[in-house]
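Participant: Can you keep this structure in mind? I'll have questions shortly.
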């Protein structure tokens with residue numbers, strides 16, 4: 044058991060970095076919790092403990108560097124929280140085998156997003172769009188982001204990093220700062236649902252949270268613009284392997 048706890052901290056640290064730089068850390072931590080023997084719904088709830096502390100750490104790290112999108116992130120965060128409550132209600136009752144199949148499919152889809160996502164190098168020359176119709180469009184879009192985030196959350200960072208530059212013309216740094224703020228808000232709601240339904244293993248969740256929080260703090264302060272290539276390749280290899288195991292075993 045001690046080995047498992049050490050492994051959770053180590054894997055959590057790298058997942059925290061991955062989540063803060065881009066997204067997809069839950070594609071590693073959630074299957075890991077399942078492989079450690081937790082029932083699927085409990086693994087899903089336990090993973091939210093780590094996400095909560097990791098996103099709180101990321102928000103603090105970005106804020107310490109003066110990077111914030113308040114109040115825009117609050118508006119879309121509230122919308123996401125409403126969706127998250129609905130999604131989490133479905134997640135606590137889903138049948139285990141079906142959950143594994145859904146997770147494996149999501150993991151493959153995220154791999155494709157990683158492969159085909161193109162970098163936009165012109166965002167810094169465009170004016171941000173956070174009011175009027177673009178604000179309302181984002182509020183609607185993030186309701187569905189929260190719906191998925193409450194249900195599964197794995198790979199949600201990539202979805203947010205597609206939406207924010209496209210609709211609001213945010214840079215990578217501001218997109219990441221907004222992403223972790225929104226995730227903190229809707230995760231608070233989703234975690235509450237899992238707690239009320241007794242779907243959280245606190246020992247493993249807090250252990251994992253220790254690693255993810257340290258990784259998130261490190262990445263948000265020092266590594267925002269570094270390591271994308273390495274993370275992309277690592278995610279491809281790890282996610283493909285775990286998705287295969289979830290589907291066939």
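Numbering (the working numbering), first residue to last: 44 to 292.
No residue lacks a Cβ here, since even glycine has one placed at the ideal position from N, Cα and C.
With respect to the alpha helix (DSSP H) encompassing residue 127, which residues constitute its N-terminal and C-terminal limits?
Facilitator: Start and end: 115 to 134.
Participant: Taking contact to mean 3 or more Cβ pairs, one atom from each stretch, closer than 8 Å, check whether the segment 75 to 86 and the segment 186 to 200 are in contact.
Facilitator: The segment 75 to 86, when compared against the segment 186 to 200, does not touch it at the 8 Å Cβ threshold.
Participant: Going by Cα to Cα distance, which pick from 261, 136, 238, 211 is closest to residue 116?
Facilitator: Comparing Cα-Cα distances from residue 116 to each of 261, 136, 238, 211, the minimum goes to 211.
Participant: Excluding the 5 residues flanking residue 52 on each side, which residues of the same chain have their C-beta closer than 7 Å to its C-beta?
Facilitator: Excluding residues within five positions, the ones whose Cβ falls inside 7 Å are 250, 253, 254.
Participant: Is DSSP giving residue 243 helix, strand or coil here?
Facilitator: Residue 243: coil per DSSP, three-state reduction.
Participant: For residue 49, count neighbouring Cβ atoms within 10 angstroms of its own Cβ and tell me buried if that reaches 16, exposed if not.
Facilitator: Flag for residue 49 reads exposed.
Participant: Along the chain, where does the alpha helix (DSSP H) that runs through residue 185 open and close?
Facilitator: Here the alpha helix (DSSP H) through residue 185 covers 175 to 194.
Participant: Under 8 Å: do the segment 122 to 137 and the segment 97 to 109 share three or more Cβ pairs, one atom per stretch?
Facilitator: Verdict: no, contact absent.
Participant: Looking only at C-alpha atoms, which of 73, 221, 135 sits nearest to residue 94?
Facilitator: The shortest C-alpha separation from residue 94 is found at 73.
Participant: State whether the segment 142 to 158 contacts the segment 194 to 205, with contact taken as three or more CB pairs (one from each stretch) at a distance under 8 Å.
Facilitator: They touch, by the three-pair rule.
Participant: Here's a check: name, in chain order, each residue in its chain whose Cβ is nearer than 6 Å to the Cβ of residue 185, leaving out the five neighbours to either side.
Facilitator: Within the same chain, residue 185 has close Cβ partners 119, 122, 123.
Participant: Exposed or buried, what is residue 45 when buried is set at 16 or more other beta-carbons lying within 10 Å of its beta-carbon?
Facilitator: Flag for residue 45 reads exposed.
Participant: What's the C-alpha gap between residue 202 and residue 148?
Facilitator: Each residue's Cα considered, the two are about 15 Å apart.
Participant: Tell me the rounded alpha-carbon separation between residue 213 and residue 207.
Facilitator: About 6 Å.
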